[in-house]
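Here the numbering used here is used: the first residue of the sequence shown is 13, the next is one more, and so on.
Read through the structure below, which is laid out as structure tokens, and then see the notes.
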Amino acid sequence: MADEDLKLDHLFADARRDRPTLSNDLVVRIQTDAEAVRLEALNPKTPPRRNVWARFFETIGGWQGFGGLVAASAAGVWIGFAAPTFLPDPANLLTSQDTSYLVADLGFDTSFLENTE
């Protein structure tokens, strides 16, 4: 074990003695690159402004979010124009002043809505 430690000490001593040096050309290139990075950090470039639609699509989750929004909107329009028979007509709901038919359509007892006088 002591013999292996001695060999290892000799290897480390050789490595300390024979240090590799960088060529002057490499040192100049590293310093030039470092200076360019430092100057770029001092004067950051402003990113180009994107148009309104690109920002809108990013806000709603990209094209996947936009696809979901379109599908939900189409379903809403479809249900609005071709409502199932158990739902009241939306146009009548907007123009009608009488709301007693809403409860009557559902089949509940509407006697509480009638005037008892």
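Just so you know, even glycine gets a beta-carbon here, dropped at the ideal spot from N, CA and C.
>> Can you tell me where the alpha helix (DSSP H) holding Ile-72 begins and where it ends?
In response: Element bounds for Ile-72: n/a, residue is neither H nor E.
message: Under DSSP, the alpha helix (DSSP H) around Asp-21 begins and ends at which residues?
response: 14 to 29
* Asked: Under 8 Å, do Ala-94 and Asp-101 count as touching if we go by C-beta distance?
  -> no
| query | In the structure shown, what three-state DSSP assignment does Ser-35 receive? | reply | coil
Would you tell me roughly how many angstroms separate the C-alpha atoms of Ser-85 and Pro-60, rounded to the nearest one? 32 Å
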